[in-house]
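This report refers to the structure that appears directly beneath it.
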Amino acid sequence: MRLRDEKKVRSARRIAAIGIFAALALVLSFLEGLLPPLPMMPPGAKLGLSNIVTMFVASSQGLLPALLIAVLKGLFAGVTRGFTAMALSLAGGVLSTAVMYFLFKTKKFGLIGVGVSGAFAHNAAQLLCAYFLTSKTMLWYAPWLCVLSAATGTLTGLLLRAVLPLLEKLERE
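Quick note, the numbering used here runs 8 ahead of the 1-based positions in the sequence shown.
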């Protein structure tokens, strides 16, 4: 096979892998939306399971593919839950993806540290967005969201660590 053909095959495989990861993130987001509200959590609080995919893509494929997935998740939220959900998802997804990508580039943080930092960024962006879209009283959620960020970010990092071999295998095939 000629070099040019090999590049086309690699490019097609990369695009296909990103498409599969985007679909996986959307499915996880949808399934998470079916879960009942968590007790003692603020309204709308979610575990962030689809962020496992975004986190993996940020570390393995780069910033632009990860941002693409975050934007697709935000648009999916808009189609399924409305404008406010889309705005919150886009704000949180874009900022958290950028933060996770840059932390991966520093190579100073493990999966849990990146997960917690991404969760903090996600919740901070959503809180600011909600502040501007709804009410200043949203800032009262900040302490709860800090605790929630630590818990969900740790969970996301641990889950990514557990499924990392499967995702890497999926990426290779």
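All residues carry an ideal CB built from backbone N, CA and C; glycine is no exception.
None of these values were measured; they are calculated from a predicted model.
Per the C-alpha coordinates, the member of 16, 17, 78, 102 positioned closest to residue 31 is 78. In this structure residue 162 is in contact with residue 123, their Cβ atoms being roughly 6 Å apart against a cut-off of 8 Å.
Secondary structure of residue 53 (DSSP, three-state): coil.
Contact check for residue 86 against residue 133 fails: the beta carbons are separated by 9 Å or more.
When the five nearest sequence neighbours on each side are left out, the beta carbons in the same chain lying within less than 7 Å of the beta carbon of residue 137 are those of 95, 96, 99, in order along the chain. Judged by beta-carbon spacing, residue 107 lies beyond the 9 Å limit of residue 82, meaning their Cβ atoms are not closer than that value.
Rounded to the nearest whole angstrom, the CA to CA distance from residue 153 to residue 103 is 16 Å. The Cβ neighbour count for residue 45, taken over all protein chains shown within 10 Å, is under 16; the residue is labelled exposed.
Between the stretch 17-28 and the stretch 62-69 there are three or more C-beta pairs closer than 8 Å, enough to call the two in contact. Under the Cβ criterion (8 Å, minimum of three pairs), the stretch 141-151 does not count as touching the stretch 174-181. Per DSSP, residue 139 is one residue of the alpha helix (DSSP H) stretching across 119-141.
Under the three-state reduction of DSSP, residue 180 is assigned to helix. Taking a 10 Å sphere around the C-beta of residue 35, we find fewer than 16 other C-beta atoms and assign the residue as exposed. With respect to residue 160, residue 54 sits close: the two C-beta atoms are nearer than 9 Å.
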